[in-house]
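In my numbering, the protein residues as written are 811 to 928.
Input: a single structure, listed below in structure tokens.
Written out as structure tokens, the structure is:
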């Protein structure tokens with residue numbers, strides 16, 4: 811189904827997510843908080859199914875055709891203090907790629923009873 815105001819193919823990428831600009835973050839998929847002895851209150855937010863916009867540089871220079879979309883989860887951990895006593899805001903970007911299930915995920919298990927069990 812094509813909407814009347816829509817022309818061309820669907821977008822390949824969603825809205826931009828910039829680590830340094832909280833206005834681009836949108837609604838997180840998961841939010842949780844806890845209090846820790848070393849770090850004080852900790853707020854954890856996660857956005858699922860985000861992906862970097864790959865370009866034909868370095869690792870992808872020899873890739874023919876359209877570049878793949880590699881989805882992952884972005885996690886933001888905000889704490890009140892660091893055990894080292896460091897002050898100021900420290901940013902660490904953590905993106906966890908999701909390559910899908912492991913190779914052995916759908917592997918049938920060996921029977922434990924009946925023919926072929928031993």
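Ideal placement from N, C-alpha and C gives every residue a C-beta, glycine not left out.
{"Item": "Can you tell me the Cα-Cα spacing of residue 853 and residue 827, whole angstroms?", "Value": "19 Å"}
{"Item": "Cβ atoms of residue 890 and residue 851: under 7 Å apart, would you say?", "Value": "yes"}
{"Item": "Considering only their Cβ atoms, is the gap separating residue 877 from residue 870 smaller than 7 Å?", "Value": "yes"}
{"Item": "CB residue 857 to CB residue 843, shorter than 7 Å?", "Value": "no"}
{"Item": "Excluding the 5 residues flanking residue 874 on each side, which residues of the same chain have their C-beta closer than 8 Å to its C-beta?", "Value": "none"}
{"Item": "Provide the residue(s) that pair with residue 945 in DSSP beta bridges, ordered along the chain.", "Value": "Residue coverage of the chain in this structure runs from 811 to 928, which leaves residue 945 outside it and unanswerable."}
{"Item": "Under 7 Å, do residue 848 and residue 820 count as touching if we go by C-beta distance?", "Value": "no"}
{"Item": "Excluding the five sequence neighbours on either side, which residues of its own chain have a C-beta within less than 6 Å of the C-beta of residue 879, listed in chain order?", "Value": "861"}
{"Item": "Would you identify the three-state DSSP class for residue 846, choosing helix, strand or coil?", "Value": "strand"}
{"Item": "When the Cα atoms are used, what is the spatial distance from residue 833 to residue 896?", "Value": "27 Å"}
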